[in-house]
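Beneath this line is the structure, given in structure tokens, with notes to follow.
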Amino acid sequence: MDPIRYLAEDGSLLADPPVGTDRARALFAAMVVARTYDRKASALQRQGRLATYAQFEGQEAAQIGSAAALRADDWMVGTYRDAAAMWHQGYGWEQLFLGRMGDERGGSPPEGVNVLPPSITVGAHMIHAVGLSWAERLMGSDRIALTYFGDGATSEGDFHEAMNFAAVFSTPTVFLCQNNGWAISMSRADQTRSETIAVKAVAYGMPGVLVDGNDALAMLAVTTEAVERARSGGGPTLIEALTYRVGPHTTADDAGRYRPEEEVEAWRTRDPIDRLRAYLQQTDEWSEAWESDLEVEASAEIEAAVAAAEDLAAFDPDGHLGRAFAEPTRPLADQRRFVPGDDHG
Amino acid sequence: MAEMTMAQALNDALDLALADERVVVIGEDVGTTGGVFRVTDGLVARHGSDRVIDTPVAESGIVGAAFGMAVAGLRPVAEIQFLGFAYPAFDQIVSHVGRIRNRSNHRFSAPMVIRIPYGGGIGAAEHHSESNEAIFVHTPGVKVVVPATPRDAKGLLLAAIDDPDPVVFLEPIRVYRALKQDVPEGRYTVPIGVAAVVREGTDVTIVSYGAVLRDARRAAEALEAEEVSAEVIDLRTLSPLDADTVLDSARKTGRVVVAVEGHRTLSVASEVAALVQEGALYSLLAPVERVTGFDTVVPLKRTEHHYIPSPDRIAAAARRTLEA
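Protein chains in written order, with numbering that gives the first Met the number 0: chain Z, 0 to 344; chain L, 0 to 323.
The structure is reproduced here in structure tokens:
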């Protein structure tokens with residue numbers, strides 16, 4: 000199975016482009032903003048201003064290209080490494096920073112944005128996308144749900160349960176696996192003896208698509224097709240996006256312990272932003288001034304989000320007692336007297 | 000009023016709840032077969048297979064899908080066939096169902112019910128007699144409800160479905176068909192988080208719930224023959240626990256016995272004993288007695304009656320408090 004690809008690694012077209020250059024320029028601009036966030040978050044973590052952070056550098060096309068296929072009110076259920084996609088679907092950078100700063104308000108996207116806070120446990124969230132999209136169909140809506148997960152998550156039992164339920168009940172769900180080569184230290188080759196992850200779809204009775212995850216145009220094209228299939232009652236699709244995690248698993252990981260630097264360097268030459276830039280250059284849709292303006296605007300946007308997140312006052316010491324249920328229960332109300340620095344008792 | 004078993008009362012509650020378009024029933028064999036205990040009997044014929052959903056055998060899938068449905072705006076009622084089969088769904092309950100409100104600072108919530116038959120006494124195979132309700136009580140963000148009678152079962156289930164937060168609803172297997180009771184027709188609710196004094200007394204308080212409640216009442220009747228006046232409390236909700244009702248009674252009688260079927264260590268009985276010593280120590284005339292299952296796997300059919308608390312064991316514990 001060869002991955003679907005519209006852009007060669009040098010940015011030259013391999014097929015008729017699936018979208019016009021305006022759309023390609025918008026994808027490029029979004030990827031620049033996403034990378035600005037990702038690098039800022041890593042820097043803040045090193046300064047102790049952010050807790051552990053999971054970088055997505057190298058996966059911008061896989062995330063932005065697929066998220067761009069969604070309607071604004073569609074559901075998205077992702078992981079700790081999917082901030083670029085979540086932001087594209089309306090989750091605020093401020094909330095994304097807050098979550099990594101260790102503040103539960105980071106789990107609360109703006110009203111009307113149907114994006115769940117990132118799942119930290121691996122695997123369980125895929126079935127949530129099945130339930131969300133199933134409910135939408137039962138309620139007479141044509142919203143669909145897209146869920147992101149990695150190659151490692153496909154070894155979890157919940158991958159099987161989610162794929163099987165989605166196929167059996169023909170739910171409008173898009174499963175988007177970002178196969179980034181590594182699940183912490185476990186390589187894709189050792190994760191499964193399947194030749195590809197996309198081929199697993201066959202056993203569930205749904206289409207499986209292998210796509211070059213570093214080709215933003217291909218990501219948009221295959222995801223659009225899967226989204227349209229779901230929305231029109233055609234059921235779920237599994238998409239395997241071949242990409243690469245250029246950074247470590249998280250800021251707490253040392254990827255040098257398990258993978259050779261040459262592999263990382265090889266993938267750096269296949270950078271998704273470089274590839275889309277090369278395409279735009281070849282079609283005269285890019286200029287240095289334009290990208291420079293994009294970077295300035297992105298930087299201002301991200302700095303404003305950092306400031307807003309850092310300026311937000313912390314919760315009261317007993318704030319957690321008010322978040323467990325819609326109304327605090329009597330036992331929780333009673334436990335307020337044990338909160339340090341509190342005088343409720 | 001109609002005389003109903005608990006299974007019939009629960010079926011009536013689900014039938015009424017399904018009048019709300021947001022309610023769906025989802026689980027293994029809940030449709031055509033009507034559930035392994037027939038609690039969902041006839042519902043698929045009346046409400047359709049889109050809303051009474053037979054699923055493949057996948058407990059994590061059932062609870063996880065119901066969770067997604069709840070977040071999207073439905074009110075799913077998931078069924079797990081036996082408590083011993085709920086463990087594959089435990090990650091969903093602990094990691095997501097009980098956390099989404101906290102994780103999203105109230106932006107998202109999961110108003111859903113997970114119905115699970117629990118407890119022994121019917122001579123079933125291994126894994127079919129568990130009474131591990133304390134595990135769920137120890138889980139933040141989920142409420143835990145256990146009815147003991149048909150009337151409460153209907154009202155508590157309707158309250159659980161109305162609740163804005165997830166409820167684990169444990170149904171005592173050996174009570175499903177063991178007794179009939181007049182059950183009011185139509186919709187009514189029994190409030191979650193409120194225990195009931197089901198028998199008034201002055202000498203000793205017996206706290207129980209679920210299947211063991213009947214044994215607690217039988218113990219109280221045996222004690223009455225000995226001129227001992229036992230008060231019996233049905234907790235009805237294990238989380239949030241109604242400490243006030245227990246403490247009021249403990250202060251009145253000065254003696255407390257807690258009877259539960261679960262394993263002894265860190266059981267609901269342990270928590271009630273802790274609450275009583277915190278809130279009513281100076282009224283106590285004797286140590287709190289726990290009558291529980293054992294810290295072992297529930298024995299199979301031929302010896303399970305040695306495991307499950309009996310009226311005799313409960314009455315003996317009450318006598319010990321009187322002798323102290």
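Cβ atoms here follow ideal geometry from the backbone N, Cα and C, with glycine treated the same way.
- When 8 Å is used as the limit between beta carbons, Z/L137 is near these residues of chain L: V23, D49, R50, M68, L73, in chain order.
- In this structure Z/S11 is exposed. Its beta-carbon is surrounded by fewer than 16 other beta-carbon atoms within 10 angstroms.
- Between the C-alpha atoms of Z/V31 and Z/I3 there is a straight-line separation of about 23 Å.
- Annotated three-state conformation of Z/I119 is coil, per DSSP.
- Apart from sequence neighbours up to five positions away, the residues of its chain that approach Z/A161 with a beta-carbon distance below 7 Å are M125, I126, V129, ordered along the chain.
- Taking 4 residues as the shortest admissible run, the region 150 to 182 of chain Z contains the following complete alpha helix (DSSP H) segments, listed from N- to C-terminal end: 156 to 167.
- In this structure, Z/A68 sits near Z/T222, with a CB-CB distance shorter than 8 Å.
- Proximity of L/S59 to chain Z, defined by a Cβ-Cβ separation below 8 Å, is satisfied.
- Of the residues L/G30, L/G47, L/R74, the one whose Cα lies closest to the Cα of L/D164 is L/R74.
- Within chain L, not a single residue places a beta-carbon under 9 Å from that of Z/I143; the smallest gap is close to 12 Å.
- One thing to note: L/V203 has its Cβ within 8 Å of the Cβ of L/T252.
- Residue environment for L/T138: buried (at least 16 other C-beta atoms within 10 angstroms of its C-beta).
- Taking Z/I272 as reference, the option from Z/P108, Z/E290, Z/E262, Z/G255 with the minimal CA-CA separation is Z/E290.
- One thing to note: Z/R335 has its Cβ within 8 Å of the Cβ of Z/L320.
- Secondary-structure assignment with DSSP links L/G261 through no beta bridge to anything.
- The Cβ atoms of L/V144 and L/F168 sit closer than 8 Å to each other.
- The closest CA to that of Z/D157, considering only L/Y117, L/V62, L/I172, is found on L/V62.
- L/Q91 belongs to the set of residues whose beta carbon lies under 8 Å from a beta carbon in chain Z.
- Z/T249 and Z/G47 have their C-alpha atoms spaced approximately 14 Å apart.
- Ranked by Cα distance from L/G118, the first of L/A314, L/A69, L/V297 is L/V297.
- Taken in chain order, the complete alpha helix (DSSP H) segments of 4 residues or longer contained in the region 268 to 328 of chain Z are 271 to 281, 287 to 310.
- For L/I25, the three-state secondary structure derived from DSSP is strand.
- For L/S248, the enclosing alpha helix (DSSP H) starts and ends at 242 to 252.
- Per DSSP, L/R198 lies in no alpha helix (DSSP H) segment; the continuous beta strand (DSSP E) that holds it begins and ends at 195 to 198.
- Chain Z has no Cβ within less than 8 Å of the Cβ of L/R318.
- Z/A134 reaches chain L at G67, M68, A71, G72, L73, counting residues in chain order whose Cβ is nearer than 7 Å.
- Contiguous alpha helix (DSSP H) elements confined to the region 48 to 133 of chain L occur at 58 to 71, 99 to 102, taking only those with 4 or more residues.
- Inter-segment contact for the region 137 to 154 of chain Z and the region 82 to 96 of chain L is absent: fewer than three beta-carbon pairs are separated by less than 8 Å.
- The three-state secondary structure of L/F168, taken from DSSP, is strand.
- In this structure, the beta-carbon distance from L/T31 to L/D53 falls below 8 Å.
- Selection Z/A220, Z/A33, Z/E194 evaluated against Z/S65 yields Z/A220 as nearest (Cα-Cα).
- Put simply, the CB of L/S108 is near chain Z, with a gap under 8 Å to one of its CB atoms.
- At a cut-off of 8 Å between C-beta atoms, L/N131 does not count as an interface residue with respect to chain Z.
- In the same chain as Z/T191, and ignoring 5 residues on each side of it, the C-beta atoms closer than 7 Å to its own belong to T153, S154, in chain order.
- L/I307 is positioned such that its CB atom lies no closer than 8 Å to that of L/A218.
- The straight-line gap separating the alpha-carbon atoms of L/P286 and L/R213 is approximately 24 Å.
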